[in-house]
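A.B. asks:
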Amino acid sequence: MRDFLRYAATVILALVPTLALAQVNATVMNDDGPFAEGVLSGYIVQHQGRVICENPVAWGKYIACSGKASKRVWVDTNGTLGAYVVVDKSGKELCTNPSVSIQFRGPKSYIICD
Numbered sequence: 005m006r007d008f009l010r011y012a013a014t015v016i017l018a019l020v021p022t023l024a025l026a027q028v029n030a031t032v033m034n035d036d037g038p039f040a041e042g043v044l045s046g047y048i049v050q051h052q053g054r055v056i057c058e059n060p061v062a063w064g065k066y067i068a069c070s071g072k073a074s075k076r077v078w079v080d081t082n083g084t085l086g087a088y089v090v091v092d093k094s095g096k097e098l099c100t101n102p103s104v105s106i107q108f109r110g111p112k113s114y115i116i117c118d
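In case it helps, this note's numbering puts the sequence shown at residues 5 to 118.
#1: Roughly how many whole angstroms lie between the Cα atoms of arginine 76 and leucine 44?
#2: What is the DSSP secondary structure of threonine 100, reduced to helix, strand or coil?
#3: Using only alpha-carbon positions, find the residue among Leu98, Gly53, Cys57, Gly71 that is nearest to glutamate 41.
#4: Just verifying my parser: in three-state terms, what is the DSSP assignment at valine 28?
#5: Alanine 68 lies in the beta strand (DSSP E); which residues open and close that run?
#6: Cβ atoms of isoleucine 67 and tyrosine 88: under 9 Å apart, would you say?
#7: Could you tell me which of Cys57, Val49, Ala73 sits nearest to asparagine 34, measuring between CA atoms?
#8: Once you ignore the five residues that flank glycine 37 on each side, which residues in its own chain have a CB closer than 7 Å to its CB?
#9: Going by DSSP, what residues sit across from asparagine 34 in a beta bridge?
#10: Does the Cβ-Cβ distance between leucine 98 and threonine 31 come in under 9 Å?
#11: Return the chain-ordered list of same chain residues with a C-beta closer than 6 Å to the C-beta of phenylalanine 108, the five sequence neighbours on each side being excluded.
And the structure:
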């Protein structure tokens with residue numbers, strides 16, 4: 005039993021740094037499920053610390069600062085929007101795989117491009 009406990013403790017200590025570095029892959033969703041398309045109402049897009057736009061639109065793999073949508077969508081958790089591309093109002097790519105902070109400062113949520 006003692007050997008098993010030592011082995012388990014060694015495995016746990018080896019995995020802790022790996023788990024701390026793991027990123028959560030977040031998705032855009034609505035009531036119908038993940039990978040939904042629509043307006044991210046209440047979200048702010050930031051690039052290098054500057055606000056680029058508010059209430060962006062999610063279309064396919066893009067988070068766009070221009071466009072219109074009638075459906076409201078949201079991001080399911082804090083983490084990384086893996087494989088998503090953020091574009092500004094002119095269509096210029098700002099980043100890929102942005103991070104998301106849901107209601108980080110009050111009621112607003114942030115999509116962050118570094």
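Backbone N, C-alpha and C define an ideal beta-carbon position, used for all residues, glycine too.
C.D. replies: Walking through what the data contain:
#1: 6 Å
#2: strand
#3: Gly71
#4: coil
#5: Here the beta strand (DSSP E) through alanine 68 covers 66-68.
#6: yes
#7: If we check each option's Cα against that of asparagine 34, Ala73 comes out closest.
#8: So the list is empty, once near-sequence residues are dropped.
#9: Gly37
#10: no
#11: Tyr114
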